[in-house]
Amino acid sequence: MKYQLLVAAGLKPIEALRAATSTPARRFGLTDRGRIVPGALADLLLVDGDPLTNIADTLSIRTVWHRGVQLTTQE
Numbered sequence: 095m096k097y098q099l100l101v102a103a104g105l106k107p108i109e110a111l112r113a114a115t116s117t118p119a120r121r122f123g124l125t126d127r128g129r130i131v132p133g134a135l136a137d138l139l140l141v142d143g144d145p146l147t148n149i150a151d152t153l154s155i156r157t158v159w160h161r162g163v164q165l166t167t168q169e
């Protein structure tokens, strides 16, 4: 929901995603997170759709990875 609020406030979807990931990581000197690069911590949300064109797609979570391990879902 926070991404949708940022877009509603005027940010572009890419700016909203960066505001919650790479920008704070960089500000706090956390070089091992906030980006998808070799050697970074693998905390990822994989979603259905394209949040760069429809920010609401961030709510369509398909898979969660935490520290390189895919988490299982309870269905």
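Numbering-wise, the numbering used here puts 162 at position 68 of the sequence shown, and it's gapless, one number per residue. Cβ coordinates follow ideal geometry from the N, Cα and C atoms, glycine included.
Do residue i and residue j have their C-beta atoms within less than 8 Å of each other?
{"i": "Ala119", "j": "Arg127", "result": "yes"}
{"i": "Arg138", "j": "Arg161", "result": "For the sequence presented, residue 138 should be read as Leu rather than Arg. Contact flag unset, no."}
Quick check on the burial criterion: 16 or more other C-beta atoms within 10 angstroms. Buried or exposed for residue i?
{"i": "Ile108", "result": "exposed"}
{"i": "Leu111", "result": "buried"}
{"i": "Thr157", "result": "exposed"}
{"i": "Thr117", "result": "exposed"}
{"i": "Val131", "result": "exposed"}
Just list the residues that DSSP pairs residue i with in beta bridges.
{"i": "Val163", "result": "His160"}
{"i": "Leu139", "result": "Val158"}
With DSSP run on the structure shown, which of helix, strand or coil describes residue i?
{"i": "Val131", "result": "coil"}
{"i": "Lys106", "result": "coil"}
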